[in-house]
Each structure stands twice: as structure tokens, then as C-alpha cells.
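Below: the structure, in C-alpha cells.
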Amino acid sequence: MNHTERRRSDWWLGALALILALVLWEIIADFIVGDVFYLPSPSDVTLAFISLVQGGTLIMDVEVSLIHFAIGLGAALVIGIPIGIAMGWYKRIDAFLDPIIEILRPIPPLAWIPFAIVWFGLTNVSAGFVIFVGAVFPVLINTYTGFRSVPRIFVEAGKMLGCTKNRDLIRYIALPSALPSVAAGVRIATGVGWMCLVAAELFGVSKFGLGQKLWYFYNLHQMDSVVVYMILLGLIGLAFDMLFRYWIDRRFLKWRTGEVA
Amino acid sequence: MGDLVIQNLTRNFPRENGTTLTAIENLSLTVHDKEFVCVLGPSGCGKTTLLRMIAGLDTASSGEILLDGERITGPNPKVGIVFQEYSLFPWRSVIDNIAFGLEMRGFARTERNRVAEQYLDLVGLTQFRESYPSELSGGMRQRVAVARALALDPVVLLMDEPFGALDAQTRNMLQHELLDIWEKTKKTILFVTHSVDEAVYLADRIVVLTPRPGQICEFFSVVQPRPRDRTSVEFAKVRRVVLDLINQPKCSLS
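As given, the protein sequences belong to chains A and B, one line each in that order. Residues 1 to 261 (this note's numbering) are what the first sequence spells out, left to right. Residues 262 to 515 (this note's numbering) are what the second sequence spells out, left to right.
Structure (C-alpha cells):
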């Protein structure tokens, strides 16, 4: 039995752990803590979830957050991939841009919040910008690394078969060869970007949003609703990751034997 | 046509300590149209460097290489190459690998697939049309590499120890198939190897190189008709002669 089959047949172990955790959480919340503010129980959270669904803004929150996220991740791809390609393929561009990238990269995305507000005001773009700062470097670095590690033999084989211009070599040889690495970078960027979301929404760029509502309910001391938003953030992040993994497997598994990302 | 003329070829590589390493020195060689020439020499004697220069992937320090009278200055569609390492594009299926050169030339999909299928058939891998290189054995990969190099119909085919990484049985089989392909397509083939057995089995003419710097030490014409029987007394005799050639002091000492 191989690894995947074993994981499939043992799925109930994971489900059991989830149920046990919920039961334990309920017991601790009800009988040991006994205070919704300090630790809302699963049933408190379920009730809060139902009333939030009835309130009708939940979908709006998800929508607004996805807009922020799409702006940030989209910009990270549009800017990170071309710069990564240019730096990975042309040594002089690498030498030119590398110091700037190395200085900007360690600045935490949240440190950009003041400038996000100054430059873009309290808008969706402003939240997107913070997510962009978190997401762009994994995309850029992985694209760069992928292009740097294109085997020379592929480039030479390409040249011998009439693929000689830089533009063609990038398109037909380097990009496909580097694509698994680029995809891994996008996957990391998705995770990092999603983590920046709560912070990006906490400075009041919108009336809706998962992160915005998390702070809003914290300020109202409705901790059961806070937990609802926490879980939603986690589940949507998980869904992104699973979708991505599924896509990567379908895209690359037929030609790559090892684990891609 | 496929006449290859190499004149006074020298290749120096500058080293970090300021000295230069001479990989090939003053090498002259003529390969005639449709001839099968094996270049035999020890590891590090500049065989690969020689082939890379003919391919246009490397530039000579002095001397020149002429193909049908025209000087080679860079990769040229008239010259095909099969590398020692696996060089198939892993993201492309077998058919798309073979059709790659035609795609770069701007052939439409149906046309390039039609041509690629002919060469796929030539190397006997029709049923692996849609497979990816990672799904093929080493021998099959090199067959595809041969088909890919031939698909652009070059006049000269360069082969850099193409069967070096294969087991002995597969290697013998591929040598046999290569001769069949050569009979059918009549290319000029320049085949680099360090195996005397391989050279004697394949070549019209064997060129023995000295250790670094690579220079031509001996020429030897193999006159036995093909197919040659590796187990025959005749074959053993020729192999013995070639072994003696490469072991004589002027060929084995630099």
C-alpha cells in the first residue's frame, strides 16, 4: 500500500481527532472556564454563526476580503513574476536589482501600513497593497530561483533545435522548466498574503471583510463571533491551498515524479 | 551534402590562476559526406569540446570549422546533436519533444506532427507518442533524442557518447538501430566515444585522440562490411589493432 492509499483508508483517524477536540473544547469552555468572553464553546460559536448568517453580511465580508486578496495577489504575480524572470535570466539585471530587493524584503508587510494609508487612503487598494507586500517576495524569489536553476543542457538542446533568441528561450525552455518553482512560490505567496489580510483590514479600509469584522466584534467583546471569523479565515485559507495543490498535481504530476510543492 | 572540414582548431580555456588550459590543439580533420566517423579518446581529451565547437555551442580560440564550405559560427539547423546526458524536455510529451525544432521553425501543428511521427516510427516508439520522458527508460529516451535531432533533417549528426549511460545490452541494441537509421537517412555522423568496441562496431573510420591537449594521433579505417559480428574472429582482430593503436606511447602520453 502506498502513502496516498494509506492516508485515504485512515481518514477516520483525522475525523476522530476533530470530534475529540470539539468535545474537549466544549467541556473546557462549559465546565472549567465558564465564561463566553474568555473562551466561547463550540455551541456558542455555532449559535453566533447562525445569527451572523441570518444577519446577512457574512457573504459580503467574504466578498470584500476576496477583493482585497485578489488585488494583493494579482499585483504580486504581475510584478513579481516578470522581475523574477528578468533577474533570473539576465545576470546584469540581477546585479542591478538584487541590493534593492534584499533591503526591501526583510521589511515586514505590516510596517508598510502607514504608507499604504498615505498613498492609497482608506480604500480596497490600500489593503491590497499590504497583502501585495507580503506576497510579492515569495513569488519573485521562487521565479528567480527557478530560472537560475534551468539546466544548461535544456538551453543548449533548445539552441540546437533553432530556439536561439532570448525571448524564445525564456518562453519555450526556461519558463516551462522553472514553472514548478514559480508555482511553489505562488502557493507560498497565497499563504503569506492570506495571513496579511486581517492586519490589512484592521485599519478601517472597508465596512466589511473577514479581518475587519474580527476586529469589530472584538471591540464589541463578542468573542463567539470573533471565533466564527477566525474559523472562516482558516477554512478559506485551507481551501485555497487545497485548490492550488490539486491544480499543481494535475499540471505537473505527469512530467515530474517528485513532490512539487 | 555533409562535408565537414576542421582546420587547425585550438581551444584554450583561461584558468583562474592566469594560465590557460588547452583542451584541443591544432586539430585538423575532414569528415566526408555520409561518412560515419568515431572519435575515440580517453576522458578529458577534449572530445566533448570538439563536438560543442562543431555544434556552434562553443567558439574556437583559433582555426575554423567549415560545413560544405561555410564557416560555423553558432548553432546551425544543418547540424543536429544528441547529448550524453538526458536532454529531452521533461515538460513535453515524446511527440512534442520530437516536434520542438519544427515548432521553432514555424511549422503548423498538423505538419510538424506528421513529420515527428515519421521519426517516432523510425526509432520504433510509436506507442509512446503521448508519454513523458520521465516515463521512459534510458534507452528509449536516447531513441527519442535521436529522433528529435533528426526531425530537422540536419546533414551532420553529432553524437556525444549518447549510449554511455546505458547498460551493455541496451547499448548494443541501440548501436544496431543507429546503423539502421544511418543506412536509411544517410547522414554524416560524428560519434564520440571512449569504447573501442563501440567504435569498431559503428565506424567507417576511427579517429584516435591523444590525452589533453586533444590532438589527432591516428586514423583507422574499418573496412569490414556491416552488420559486424561482435563475436567474430575478424571483429576481435580489428578491436585488438585499435586497442594497440590507442595504447602506443604517442597516443596515450601527452
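Ideal placement from N, C-alpha and C gives every residue a C-beta, glycine not left out.
| query | result |
| --- | --- |
| Beta-carbon spacing of A:A239, A:G72 below 9 angstroms | no |
| Start and end residues, alpha helix (DSSP H) containing B:R276 | Per DSSP, B:R276 belongs to no alpha helix (DSSP H) and is neither H nor E. |
| Beta-carbon neighbours of B:Y380, restricted to chain A and to distances below 8 angstroms | Neighbours of B:Y380 on chain A: none; closest Cβ ~13 angstroms, over 8 angstroms. |
| Touching by the beta-carbon criterion (3+ pairs, under 8 angstroms), the region 409-424 of chain B and the region 449-459 of chain B | yes |
| Under the three-state DSSP convention, the category B:M421 falls into | Note on residue identity: the sequence assigns Asp, not Met, to residue 421 of chain B. Three-state DSSP puts B:D421 in a strand. |
| Buried/exposed call for A:D10, threshold 16 Cβ in 10 Å | exposed |
| Cβ-Cβ distance between A:Q222 and A:A29 below 9 angstroms | no |
| Cα-Cα separation, A:T46 to A:L233 | 16 angstroms |
| Spatial neighbours of B:D319 in its chain, beta-carbon cut-off 8 angstroms, leaving aside the 5 residues before and after | R272, T310 and R313 |
| DSSP beta-bridge partners of B:E331 | B:L328 |
| Any chain B beta carbon closer than 9 angstroms to A:F154 | yes |
| Inside the region 336-402 of chain B only - beta strand (DSSP E) runs reaching at least 3 residues | 340-343 |
| Touch test, the region 109-125 of chain A against the region 144-158 of chain A, Cβ-Cβ under 8 angstroms, three pairs minimum | no |
| Exposure of A:L18, with buried meaning 16 or more beta-carbon neighbours within 10 Å | exposed |
| Closest by C-alpha distance to B:F297, when choosing among B:V417, B:A429, B:R491 and B:S493 | B:V417 |
| Collapsed DSSP secondary structure at A:L58 in the structure displayed | helix |
| Where A:Q201 sits in the DSSP three-state scheme | Per the sequence presented here, residue 201 of chain A reads as Glu, with Gln not at that position. It is helical. |
| 9 angstroms Cβ cutoff met for B:F480 and B:R466 | yes |
| Enclosing beta strand (DSSP E) for A:L232 [first to last residue] | Where A:L232 is concerned, there is no enclosing beta strand (DSSP E), although the alpha helix (DSSP H) it sits in stretches over M223 to F252. |
| Inter-stretch contact at 8 angstroms, needing at least 3 Cβ pairs: the region 388-396 of chain B / the region 351-361 of chain B | yes |
| Coarse secondary structure for A:E26, derived from DSSP in three states | helix |
| Under 9 angstroms by beta carbon: chain A residues contacting B:I507 | Under the 9 angstroms cutoff, chain A gives no residues; its nearest Cβ is about 28 angstroms from B:I507. |
| Beta-carbon spacing of B:A284, B:P474 below 9 angstroms | yes |
| Helix, strand or coil at B:I451 [DSSP, three-state] | The sequence shown places Leu at residue 451 of chain B, not Ile. Correct three-state label for B:L451: strand. |
| Beta carbon of A:D44 nearer than 9 angstroms to that of A:V227 | yes |
| Contacts of A:S181 in chain B (Cβ-Cβ under 8 angstroms) | Simply none; closest approach about 13 angstroms. |
| Chain-ordered chain B contacts of A:T164 [CB-CB under 9 angstroms] | G335, P336 and M365 |
| Under 9 angstroms by beta carbon: chain B residues contacting A:S177 | F350, P351 and W352 |
| Distance between B:R332 and B:N269 (C-alpha atoms, nearest Å) | 14 angstroms |
| Reduced DSSP category for B:C306 - H, G, I as helix; E, B as strand; rest coil | coil |
| A:G101 to B:S289 span [Cα, whole Å] | For clarity, residue 101 of chain A is Ile in the given sequence; the question names Gly instead. Spanning the two alpha carbons is a distance of roughly 51 angstroms. |
| Reduced DSSP secondary structure (H/G/I, E/B, other) of A:F120 | helix |
| Residue-chain proximity (A:L140, chain B), Cβ-Cβ < 9 angstroms | no |
| B:G307 at chain A interface by Cβ criterion, 9 angstroms | no |
| A:A157 at chain B interface by Cβ criterion, 9 angstroms | yes |
| Contact with chain B by A:Y38, beta-carbon distance below 9 angstroms | no |
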